[in-house]
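Residue numbers (this note's numbering): 40 to 286.
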């Protein structure tokens with residue numbers, strides 16, 4: 040522990056599991072007071088026991104009023120991490136209009152809502168760091184069976200760059216974190232839903248040049264860098280952490 044985020048308040052969506060949960064834990068370990076938000080509140084029940092610096096809150100990121108109230112209740116937020124998301128598995132021919140709309144709403148519009156709610160106070164206070172968790176399945180590269188997901192995550196990158204440009208003189212930094220294939224509960228549930236989970240797991244691993252999947256802790260470490268003052272000269276960037284997947 041180095042207290043890199045001492046006296047900072049962080050608001051993390053998607054903190055119920057996977058990368059979002061790892062980010063909440065890493066930020067608390069580095070001295071931040073963390074509001075951990077997830078639609079599934081029970082998944083966060085143990086977080087305050089692991090770290091008293093973490094306060095779980097239930098939050099539906101598709102509800103603008105809930106987001107506005109949650110951020111207002113949080114008080115001054117120094118760091119916003121938009122990590123909530125949903126993966127639609129399938130080509131464009133497998134994707135209904137409802138799936139398409141849900142992908143954009145949960146992955147991209149949720150970031151829009153949270154940024155709109157948090158940004159005015161950050162500007163008024165003269166600083167802040169916003170981290171939008173995108174993916175290499177986006178404008179970075181095309182990934183099979185990720186048409187809706189990739190489009191929504193590309194939108195996250197576009198939003199990140201546009202907002203970063205708008206607030207570049209206001210002391211607020213906005214960056215996108217793009218993980219490659221990462222071992223997480225979400226990935227495990229998708230693997231388990233296939234006809235041959237072991238073959239699917241092997242296929243996910245084999246496509247990684249390093250011969251392994253990323254870990255949620257590795258993604259949290261990248262988010263920690265973007266949240267901290269160590270990255271004070273970094274904004275509008277797309278940080279790819281993918282073990283060489285897109286080389």
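Here a beta-carbon is modelled for each residue, glycine too, at the ideal position from N, C-alpha and C.
- Taking C-beta atoms as the reference points, residue 179 and residue 274 fail to come closer than 7 Å.
- In the three-state reduction of the DSSP assignment, residue 161 falls in the helix class.
- According to DSSP, residue pairing for residue 278 in a beta bridge involves 216.
- Within the same chain, Cβ atoms closer than 8 Å to the Cβ of residue 260 are found at 65, the five residues on either side in sequence being excluded.
- Residue 128 and residue 283 have their alpha carbons spaced roughly 22 Å apart.
- DSSP places residue 95 in the strand class (E or B) of the three-state scheme.
- Less than 7 Å divides the Cβ of residue 224 from the Cβ of residue 57.
- Rounded to the nearest angstrom, the gap between the Cα atoms of residue 173 and residue 192 is 5 Å.
- Contact check for residue 157 against residue 110 passes: the beta carbons are separated by less than 7 Å.
- With a minimum length of 3 residues, the unbroken runs of beta strand (DSSP E) contained wholly in the segment 144–206 fall at 167–172.
- Spanning the alpha carbons of residue 200 and residue 214 requires a straight line of approximately 7 Å.
- Under the three-pair Cβ rule at 8 Å, the segment 244–256 does not count as touching the segment 202–213.
- DSSP places residue 49 inside the beta strand (DSSP E), whose first and last residues are 48–52.
- Within the same chain, Cβ atoms closer than 8 Å to the Cβ of residue 126 are found at 185, 188, 225, 229, the five residues on either side in sequence being excluded.
- In this structure residue 72 is buried. Its beta-carbon is surrounded by 16 or more other beta-carbon atoms within 10 angstroms.
- The straight-line gap separating the alpha-carbon atoms of residue 216 and residue 107 is approximately 23 Å.
- Looking only at 104, 41, 122, the smallest Cα-Cα distance to residue 76 is reached by 122.
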